[in-house]
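Written out below as structure tokens is the structure these notes cover.
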Amino acid sequence: MSTLDPQLASQLEQVRRDFAKAFRVLKESRTLTATNTYQAYVRVPDSDKVIAVHAPNPWADDQEIRAVVATYDGEVILDESIPGATPLSGRGAGGNGKRYAAIFQARPEVNVVIHVHTAYLGGWASAHRVLPIRYAASQRVTLARELPIYIDRRQPEPLFILDRLAENPHTPAILEANGGATFWGDDLIKASKLILLLEEGAYFQGLAESLGGSQEFGPGVLEQQWKMTGLWEQGQKLLGAAA
Numbered sequence: 001m002s003t004l005d006p007q008l009a010s011q012l013e014q015v016r017r018d019f020a021k022a023f024r025v026l027k028e029s030r031t032l033t034a035t036n037t038y039q040a041y042v043r044v045p046d047s048d049k050v051i052a053v054h055a056p057n058p059w060a061d062d063q064e065i066r067a068v069v070a071t072y073d074g075e076v077i078l079d080e081s082i083p084g085a086t087p088l089s090g091r092g093a094g095g096n097g098k099r100y101a102a103i104f105q106a107r108p109e110v111n112v113v114i115h116v117h118t119a120y121l122g123g124w125a126s127a128h129r130v131l132p133i134r135y136a137a138s139q140r141v142t143l144a145r146e147l148p149i150y151i152d153r154r155q156p157e158p159l160f161i162l163d164r165l166a167e168n169p170h171t172p173a174i175l176e177a178n179g180g181a182t183f184w185g186d187d188l189i190k191a192s193k194l195i196l197l198l199e200e201g202a203y204f205q206g207l208a209e210s211l212g213g214s215q216e217f218g219p220g221v222l223e224q225q226w227k228m229t230g231l232w233e234q235g236q237k238l239l240g241a242a243a
């Protein structure tokens, strides 16, 4: 920690606390798959730095949550994955800063990007299917109506995400074909809460597949749900534009 200025050190401790809480909830609710694939990349304000935290490997003897602080160019400021937290310039740790740098640079409203593997979002991703949002509990917290699917990996994932955000700035996540999902937002806890809700929705919608498939919301549902979270005024404009 001696390599970090006080403000960054304080942010790192807050990120660690938030990540530990979110990891506990997602793990205990069985939202995460057994591999514990859950990684958060957090913007350091007014800088070109990222705080990256990863859930511990389930096989590791040391289950402590460790962090990397790196720049968008891959310079490592702190790497806790090695003894003594000695700063490194290795490519592996530096990739934590580079991975979603393009998103942080282009979208100032995005403060965190989370990559996660969950069973039912992963199922939709493996089917190469867009996930329409047809679960009321998850729809009430987002104006997006679907999660896009990222299939062609010749286009880097961050650029695919930026393209989807250009099409619809309300999009909160994508499905990664044959893999997991990537979420983003302005806050680590809020984005993690959305992971839980959208995974639950994917579960219910997956069950509905054997009964003819999930159906679009009935009359008044969007108004009811968005009024619960203060999104109705914006939602009305979107519905009007789509009409």
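Here full-length UniProt numbering is used: position 21 in the sequence shown is 21, and no number is missing along the way. Using N, Cα and C, we set each Cβ at its ideal position, and we do this for glycine too. These numbers were taken from a predicted model, which means no experiment stands behind them.
Close-in-space but distant-in-sequence residues of the same chain around residue i (CB under 8 Å, 5 per side omitted)
{"i": "L197", "result": "Y135, A137, S138, V141"}
{"i": "T37", "result": "A55, H115, V116, H117, G180"}
{"i": "P158", "result": "R99, Y100, A101, A102, I103"}
{"i": "S29", "result": "L196"}
{"i": "E13", "result": "none"}
{"i": "G123", "result": "A202, G206"}
Beta-carbon proximity list for residue i, same chain, < 7 Å, skipping 5 on both sides
{"i": "G95", "result": "G74"}
{"i": "G235", "result": "L143, L222, W226"}
{"i": "T229", "result": "R140, V141"}
{"i": "A191", "result": "V112, I114, F183, W184, G185"}
{"i": "residue 271", "result": "With the chain represented from 1 up to 243, any question about residue 271 goes unanswered, as that position is not in the structure."}
{"i": "E167", "result": "none"}
Residues sharing a beta bridge with residue i, DSSP
{"i": "I51", "result": "V42, V69"}
{"i": "P132", "result": "E146"}
{"i": "residue 256", "result": "In the structure as shown, the chain starts at 1 and stops at 243, and residue 256 therefore has no counterpart that could be examined."}
{"i": "V141", "result": "None, per the DSSP bridge assignment."}
Contact check, residue i vs residue j, beta carbons under 8 Å
{"i": "A67", "j": "I51", "result": "yes"}
{"i": "I149", "j": "A177", "result": "yes"}
{"i": "H128", "j": "I151", "result": "yes"}
{"i": "Q39", "j": "Y72", "result": "no"}
{"i": "F19", "j": "V53", "result": "yes"}
{"i": "I65", "j": "L4", "result": "no"}
Other residues of its chain near residue i: CB distance less than 6 Å, five sequence neighbours each side excluded
{"i": "N111", "result": "R43, D186"}
{"i": "R154", "result": "none"}
{"i": "D163", "result": "none"}
{"i": "S214", "result": "R134, Q205, A208"}
Residue i in three-state terms, based on DSSP
{"i": "E199", "result": "helix"}
{"i": "L12", "result": "helix"}
{"i": "E176", "result": "strand"}
{"i": "I151", "result": "coil"}
{"i": "L222", "result": "helix"}
{"i": "L211", "result": "helix"}
{"i": "D62", "result": "coil"}
{"i": "T86", "result": "Its pLDDT being 49, under 50, T86 is placed unreliably by the model, and the measurement read from it follows with that caveat. It is coil, neither helix nor strand."}
{"i": "D79", "result": "strand"}
{"i": "L239", "result": "helix"}
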